[in-house]
Amino acid sequence: MPEPITSTQNARVKLTRTLQTKARARRGERKMVLEGYRLIADALKANKRPLFAFYSESNAETDLINQLRAAGTELLPASDEVIRYISDTETPSGIVGVFTIPRPEWPENLARVLILDAIREPGNMGTILRTAAAAGVELVIAAPDCVDIYNPKVVRSGMGAHFR
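Going left to right, the sequence shown walks through residues 5 to 168 as this note's numbering numbers them.
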């Protein structure tokens, strides 16, 4: 195993932190951060692979790390301090991946499009996205006054809906 990243000044650490905290950076880079075993596993099931992923030493030989390794993902071991720095949660799970935000495609049936306006609470947006995915909605359009749908809290409360 390579030496863990221990500096919060590492370029990828800084990028990941910026993507976690700034919607403008997520839009400009077209990248999002997924944190935790379940979200990253759901993304892999949907054939989405992270550009790179950080993991703590305690997660070095988990099934998920082995799946990411087999998929050719660049895996970056990191100290607990770095994992805490790039994490959006109070108790980090020890794995954080950076993914490309998929470009939306217009569905053939416009009846399966949901347009949202003035949804400002991340938890509510995540719940709406999760419900929309379960109902078969193929495209969600969020008006500019909505919370960013790739906000870490929205992604967590969406529980994988972003990839369905």
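Idealized CB from N, CA, C, for every residue including glycine.
Check, Outcome
"Residue nearest to N51 in terms of C-alpha spacing, selected from T104, A138 and R34", "T104"
"Span of the alpha helix (DSSP H), counted from its first residue to its last, around E85", "D84 to I90"
"For V144, the first and last residue of its enclosing beta strand (DSSP E)", "L143 to A146"
"Best match in R116, D152 and I123 for proximity to A137 [C-alpha to C-alpha]", "R116"
"Sub-8 Å separation of A75 and L48 beta-carbons", "yes"
"Alpha-carbon to alpha-carbon, D149 and A57", "31 Å"
"Backbone CA spacing between S191 and E39 [nearest angstrom]", "Only positions 5 to 168 of the chain appear in the structure, and residue 191 is not among them; the question remains open."
"Cβ distance (whole Å) where V151 is taken to contact R124 below 8 Å", "5 Å"
"Reduced DSSP category for M36 - H, G, I as helix; E, B as strand; rest coil", "strand"
"Separation of N63 from I99, as counted between CA atoms", "8 Å"
"Buried versus exposed call for A146 [16 or more other C-beta atoms within 10 Å across all chains shown]", "buried"
"Residue nearest to G162 in terms of C-alpha spacing, selected from G130, K26 and R21", "G130"
"E78 in three-state terms, based on DSSP", "strand"
"Local conformation of G101 per DSSP, three classes", "strand"
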